[in-house]
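Whatever position you read off the sequence shown (first residue = 1), add 969 for the numbering used here. Glycine included, each C-beta is placed from N, C-alpha and C at the ideal position. First the structure, in the form of structure tokens, and then the observations on it.
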Amino acid sequence: MQQHHHASSTSHAPSYAVYSFQHQESQKKGSQWRVHGHCEQKDEALWIAEQLSRCEEVARVEIRLQGLDEKTNKYKDKCIKQFKKETPQKSLLARLFSFFK
């Protein structure tokens, strides 16, 4: 029996993707990154990003709005929120200064 697959009638609405990076630089080339899922709700993506930003291995977290722009019919990928950590050298230096106050 042959099955027919129909194109989905659902729209390709933009979603919020959460990425984590091991480096502070915003350069994707050479920087190790990992995607942690796509969410339809911004609040859900913010919660995931806040949890990830607490991990020691994560230097930077981005929430990116991704999907097909219905007006232009082009794929859109835009960073809407970023969580950055201080580099270990800066945080050590800050701790030393606070110790001598």
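| query | result |
| --- | --- |
| Can you list, in chain order, the residues of its chain whose CB lies under 6 angstroms from that of Ser977, leaving out five sequence neighbours each side? | Only weak support exists for where Ser977 lies, its pLDDT of 35 falling under 50; the coordinates are left without a value. |
| Name the two residues that bound the continuous alpha helix (DSSP H) containing Glu1019. | 1011-1021 |
| Spatial neighbours of Glu1031 within its chain, please: C-beta separation below 6 angstroms, excluding the five flanking residues on both sides. | Tyr988, Cys1048, Gln1051 |
| For Ser984, which residues from the same chain have a beta carbon less than 7 angstroms from its beta carbon, with the 5 sequence-adjacent residues on both sides left out? | His1007, Cys1008, Glu1009, Gln1035, Gly1036 |
| DSSP three-state label for Ala986, please. | strand |
| Roughly how far, in whole angstroms, is the beta-carbon of Val1004 from the beta-carbon of Ala986, given that I think they are within contact range, below 8 angstroms? | 6 angstroms |
| Locate the beta strand (DSSP E) running through Val1030, then write down its first and last residues. | 1029-1038 |
| Would you mind sorting Lys1053 into buried or exposed? The rule is 16 or more other CB atoms within 10 Å of its CB. | exposed |
| With 16 other CB atoms within 10 Å as the buried threshold, where does Arg1023 fall? | exposed |
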